[in-house]
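In my numbering, the protein residues as written are 1492 to 1724. Each residue gets a CB set at the ideal place from its N, CA and C atoms; glycine is no exception. Keep in mind the model is a prediction, meaning the values are calculated, not measured.
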């Protein structure tokens, strides 16, 4: 299998040596499931896109420090590319910003959450439709770090998972799009580093609640396996 990583951000320089860039994080989690998987990175900020959408089996849009409603050229370009992939029914995975981008580009809505930041490990309750996308059981646990969230579904989308702080934390569209608000690629160490970096922004109560939640083992490998199975269908 060959996946295209649509990279929408860069890791802060002081964290790169220990944790790598975002495509490295995805490579680690996917290769833990399929050692033979091939990954190609497209740096969106540099305007990098495939010459042919079929040069890979599917695409993964990463997280980003920007918002999907920011008036930035590469954000607008990505919206157009998402629409193109959707029209061709090309397999597409959205993670955090990528989850929000899919919704925004295809006619949904993304806004800042009324409850503010959603950080740490969160449980996302699975709906009955989740099984058809390879998500089994009652819930999935993922590390989160976001303030924006999807508030309105695009046409044809169904909610696969959610919780009280983020009711739309996973969506599916047809048999070609699957998205998650949480981060299956985040290690415990990287999640902790981000929390420490933004401690003053979060405030002490939220910070300590999020730090304590990192003791919970999330379903990173389970979601990585689900993504690989979904793209290979």
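Quiz prompt | Cβ-Cβ distance between residue 1635 and residue 1611 below 8 Å | solution = yes
Quiz item: Just the Cα atoms here: how many angstroms apart are residue 1550 and residue 1641?
Solution: 20 Å
Quiz item: According to DSSP, which residues form a beta bridge with residue 1602?
Solution: 1640
Quiz item: What do you get for residue 1564, buried or exposed, if any count of 16 or more other CB atoms within 10 angstroms of its CB means buried?
Solution: exposed
Quiz item: Does DSSP classify residue 1664 as helix, strand or coil?
Solution: strand
Self-check item: Start-end ranges of the beta strand (DSSP E) lying completely within the segment 1496-1537, minimum 3 residues
Solution: 1529-1534
Self-check item: Where residue 1714 falls: helix, strand or coil (DSSP)
Solution: helix
Quiz item: Does the beta-carbon distance from residue 1711 to residue 1528 come in below 8 Å?
Solution: no
Quiz item: Assuming residue 1631 contacts residue 1604 under a Cβ cut-off of 8 Å, what Cβ separation, rounded to an integer in Å, is found between them?
Solution: With a Cβ gap of about 19 Å, residue 1631 and residue 1604 do not count as contacting.
Quiz item: Taking C-alpha atoms, which residue in 1668, 1721 and 1496 lies nearest to residue 1546?
Solution: 1496
Practice problem: Could you check if residue 1707 is buried or exposed, using at least 16 other CB atoms within 10 Å of its CB as the buried criterion? | Solution: exposed
Practice problem: Using only alpha-carbon positions, find the residue among 1618, 1609, 1501 and 1715 that is nearest to residue 1533. | Solution: 1501
Quiz item: For residue 1647, does the count of other Cβ atoms within 10 angstroms reach 16, so buried, or fall short, so exposed?
Solution: exposed
Quiz item: Could you give the distance in angstroms between the alpha-carbon of residue 1554 and the alpha-carbon of residue 1589?
Solution: 6 Å
Self-check item: Where the beta strand (DSSP E) through residue 1556 begins and ends
Solution: Element bounds for residue 1556: n/a, residue is neither H nor E.
Self-check item: Buried or exposed (CB count within 10 angstroms, at least 16 for buried), residue 1523
Solution: exposed
Exercise. Could you tell me how far apart the beta carbons of residue 1535 and residue 1498 are, in whole angstroms, since I believe they sit closer than 8 Å?
Key: 6 Å
Quiz item: Do you know how far the Cα of residue 1515 is from the Cα of residue 1676?
Solution: 9 Å
Quiz item: Buried or exposed: residue 1599, going by 16 or more other Cβ atoms within 10 Å of its Cβ?
Solution: buried
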